[in-house]
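Single-structure report; data block below.
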Amino acid sequence: MKSINPYTGELLEEFTDHTEQQVEAAIQKGQEAYLSWRELPISQRADLMKKAGQVLRDNTDKYGKIISLEMGKVITESKSEVEKCAWVCEYYAENAEEMLADAPIALPDGKEAKVVYNPLGIVLAVMPWNFPFWQVFRFAAPNLTAGNVGLLKHASNVPQCALAIEEVFTQAGFPEGVFQSLLIGSDKVANIIAHPDVKAATLTGSEKAGQKIAAQAGEQIKKTVLELGGSDPFIVLKDADVKEAAKTAAKGRMINFGQSCIAAKRFIIEQEVYDEFITHFKSAIESYVPGDPLDEKAGYACMARPDLAMELYEQVEASIQKGAEVILEGTKPEKGKAFIKPYILGKLTPDMPAYREELFGPVASVFKANDVDEAIAIANDSAFGLGASLWTQDPQKADILSRKIESGAVFINSMVASNPYLPFGGIKKSGYGRELAENGIKEFMNIKTVYLG
Ligand code: NAP
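Structure (structure tokens):
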């Protein structure tokens, strides 16, 4: 497994994949750890999670640099990502006990019952490279605090991040086996899911990987949470603060250099304010300055791998060939390079990749809507349903429309962003289940009914 700097192409480090025997040993170690971990009072597990947050805060620069070097994110974003991981550790350390407290149920015949929350055991987490720390911590913080143990199969291009995350838990004093990183390819996942000691799986990744993992887990009757792709709408109505919307739209598209599941990807603008929006949006995108990922002043650096940059460019090229308007001209990546300049495309039709497919990088698809109804229809004309951003100054209209949008979240007059306090997840091909907040900590718990006769 190779750790390669996508900005320079330099090989940073090479790792030997774990063998089948090592994977089996890790599962056994995880199971042993689980048997005592689940017996600890939740307050003790929470104390350790708080320490994990502290380890992250104490090493923000070190971990931020690993992220930037390994997947090309600019250092300012990498450091914020590490800090956000500390936040989610602290959030569950402070709130898990209350969230998982027994819940009494009063029955009409005077009898009593309650719900108690028990952990399940080993949960396998298959994670992507785009937020290589955040995606893992938002799984690990609730689950470990709740008494489950974690096995991580991280994306193959971020092995240093995988090992660094294991180090965080070790340094915080977690017992051995409670969190382990496996350096393995995706072809090894099915056997792990089938292992009797592995009780559930969570994937953040592509639709294709989701189909495979859900099928493998379904075969074994094991629960999954799937956080998959998105092609999130960013809807600007004629009564919106258009300038502010355009500035936020650019941020929403450019964050993580466009490689975010909840990045705004389809910009749907009511016709009366379309031209005004485009002027501000284009200049806001152009204001992002490229540079080295380790340069604090760089607005963006490169994509996470050269093949991803080329794949994105091919989606752009195919859309242009079918007649898409080029509102902002980007660049074609050089062979073997992960650098691309942002594009804005307009006049899109359903046969174009920029209309239908997820564009996982700095390319914005812009649509002109005749009215509100058409704007909502375009927003919902997608296989995905993760997050949506809606801009209007009319709160009543916002309330009505937010219910009509087919997505797991609607952010009004704001870009979509994850936050420990807010449930996160999708519908349609964006997956199922929720992470974060109280919903997230309960996904991999046995919600056990206890009835007192
Ligand atoms: P990906 O190819 O699906 O990879 C994600 C993870 O799944 C990696 O660890 C990968 O391992 C593994 N994987 C791939 N195919 C697999 C298979 N057949 N069986 C088992 N594991 C498999 O996704 P990506 O292109 O790296 O990541 C981008 C995608 O993730 C986008 O679609 C994005 O929208 C989505 N995403 C969703 C969320 C969300 O919360 N909804 C958040 C972030 C990203 P290898 O690296 O070894 O192939």
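With this note's numbering applied, the sequence shown has no gaps in its numbers, which climb one by one up to 465 at the end. Every residue gets a Cβ at the ideal spot worked out from N, C-alpha and C, and that includes glycine.
N- and C-terminal bounds of the alpha helix (DSSP H) containing residue i
{"i": "Val-328", "result": "318-333"}
{"i": "Ala-227", "result": "219-231"}
{"i": "Pro-365", "result": "365-368"}
{"i": "Val-100", "result": "87-111"}
{"i": "Asn-71", "result": "Taken as a continuous stretch (DSSP letters only), Asn-71 belongs to no alpha helix (DSSP H), as it is neither H nor E."}
{"i": "Phe-372", "result": "Taken as a continuous stretch (DSSP letters only), Phe-372 belongs to no alpha helix (DSSP H), as it is neither H nor E."}
Bounding residues of the beta strand (DSSP E) (the contiguous stretch that carries residue i)
{"i": "Ser-3", "result": "Shown here, the chain extends from 13 to 465; a query on residue 3 therefore has no answer."}
{"i": "Leu-194", "result": "191-194"}
{"i": "Lys-380", "result": "375-381"}
{"i": "Asn-431", "result": "Here Asn-431 belongs to no beta strand (DSSP E), and DSSP marks it neither H nor E."}
{"i": "Lys-211", "result": "210-216"}
{"i": "Ile-339", "result": "337-340"}
{"i": "Glu-26", "result": "23-26"}
{"i": "Lys-165", "result": "161-165"}
{"i": "Leu-357", "result": "355-358"}
Given residue i as reference, the closest of the options once Cα atoms are compared
{"i": "Ala-125", "options": "Leu-132, Gly-133, Pro-131 and Pro-116", "result": "Pro-116"}
{"i": "Pro-302", "options": "Glu-346, Phe-279 and Phe-351", "result": "Phe-351"}
{"i": "Glu-308", "options": "Val-422, Asn-71 and Glu-89", "result": "Glu-89"}
{"i": "Asp-327", "options": "Glu-298, Glu-369 and Tyr-300", "result": "Before going on, a small fix: residue 327 reads as Gln here, not Asp. Out of Glu-298, Glu-369 and Tyr-300, Glu-369 has the C-alpha closest to the C-alpha of Gln-327."}
{"i": "Ser-377", "options": "Tyr-300, Val-148, Lys-200 and Ala-275", "result": "Ala-275"}
{"i": "Val-138", "options": "Cys-101, Gln-192, Gly-311 and Ala-410", "result": "Gln-192"}
{"i": "Leu-164", "options": "Lys-259, His-30, Leu-357 and Glu-102", "result": "His-30"}
{"i": "Val-428", "options": "Gly-399, Ser-295 and Glu-256", "result": "Gly-399"}
{"i": "Ile-390", "options": "Trp-403, Asp-70 and Glu-418", "result": "Glu-418"}
{"i": "Gly-65", "options": "Gly-465, Cys-97, Gly-76 and Lys-91", "result": "Cys-97"}
{"i": "His-292", "options": "Phe-246, Ala-261 and Thr-216", "result": "Ala-261"}
{"i": "Asn-107", "options": "Ala-176, Ile-54, Gln-183 and Ala-387", "result": "Ile-54"}
{"i": "Leu-215", "options": "Glu-284, Trp-141 and Gln-172", "result": "Trp-141"}
{"i": "Lys-465", "options": "Ala-381, Leu-119 and Tyr-19", "result": "Residue identity check: residue 465 is Gly in the sequence provided, not Lys. It is Leu-119."}
{"i": "Phe-151", "options": "Cys-173, Val-170 and Cys-101", "result": "Cys-101"}
Own chain, CB closer than 6 Å to residue i, minus 5 neighbours either side, in chain order
{"i": "Lys-41", "result": "Gly-189"}
{"i": "Gln-43", "result": "Asp-209"}
{"i": "Ala-229", "result": "Ile-205, Ala-213 and Thr-236"}
{"i": "Ser-354", "result": "Just to set this straight, residue 354 is Pro in the shown sequence, not Ser. Excluding sequence neighbours, Pro-354 sits near Ile-297, Gly-342 and Pro-374."}
{"i": "Asn-17", "result": "Leu-24 and Leu-81"}
{"i": "Gly-445", "result": "Val-237, Gly-437 and Glu-455"}
{"i": "Arg-50", "result": "Pro-131 and Gly-159"}
{"i": "Ala-321", "result": "Met-315, Pro-345, Ala-350 and Ile-352"}
{"i": "Glu-219", "result": "Leu-240, Gly-241 and Lys-441"}
{"i": "Pro-245", "result": "Arg-278, Ile-280, Ala-391 and Ala-400"}
{"i": "Ser-430", "result": "Phe-436"}
{"i": "Tyr-463", "result": "Ala-125"}
{"i": "Pro-318", "result": "Gly-348, Lys-349 and Ala-350"}
{"i": "Ile-290", "result": "none"}
Residue i (DSSP reduced to helix, strand or coil)
{"i": "Leu-81", "result": "helix"}
{"i": "Phe-279", "result": "strand"}
{"i": "Asp-244", "result": "strand"}
{"i": "Gly-122", "result": "coil"}
{"i": "Tyr-46", "result": "helix"}
{"i": "Met-457", "result": "strand"}
{"i": "Thr-236", "result": "strand"}
{"i": "Pro-18", "result": "coil"}
{"i": "Asn-130", "result": "strand"}
Any non-hydrogen atom of the ligand NAP closer than 7 Å to residue i Cβ
{"i": "His-166", "result": "yes"}
{"i": "Pro-140", "result": "yes"}
{"i": "Val-201", "result": "yes"}
{"i": "Phe-372", "result": "yes"}
{"i": "Lys-220", "result": "yes"}
{"i": "Cys-273", "result": "yes"}
{"i": "Leu-357", "result": "no"}
{"i": "Ser-55", "result": "no"}
{"i": "Ser-377", "result": "no"}
{"i": "Gln-147", "result": "yes"}
{"i": "Ala-239", "result": "The sequence as given places Glu at residue 239; Ala does not occur at that position. Within the cutoff, so yes."}
{"i": "Thr-236", "result": "no"}
{"i": "Thr-20", "result": "no"}
{"i": "Gly-84", "result": "no"}
{"i": "Thr-216", "result": "yes"}
{"i": "Leu-434", "result": "no"}
{"i": "Ser-193", "result": "no"}
{"i": "Gly-399", "result": "no"}
{"i": "Gly-133", "result": "no"}
{"i": "Ser-442", "result": "yes"}
Heavy atom of the ligand COA within 7 Å of residue i beta-carbon
{"i": "Ile-225", "result": "Here the bound small molecules are the ligand NAP; the ligand COA is not part of this structure."}
Own chain, CB closer than 7 Å to residue i, minus 5 neighbours either side, in chain order
{"i": "Val-180", "result": "Ala-64, Val-67 and Leu-68"}
{"i": "Ala-38", "result": "Leu-163, Gln-192 and Leu-194"}
{"i": "Thr-72", "result": "Lys-91, Val-94 and Glu-95"}
{"i": "Gly-84", "result": "Pro-18, Tyr-19, Pro-305, Ala-313, Cys-314, Met-315, Ala-316 and Ala-350"}
Residues near residue i by beta carbon distance below 8 Å, same chain, minus five either side
{"i": "Gly-311", "result": "Val-86, Met-266, Ser-299, Tyr-300, Val-301, Pro-302 and Gly-303"}
{"i": "Ile-453", "result": "Tyr-104, Ala-108, Met-111, Leu-112, Pro-154, Asn-155, Thr-157 and Ala-158"}
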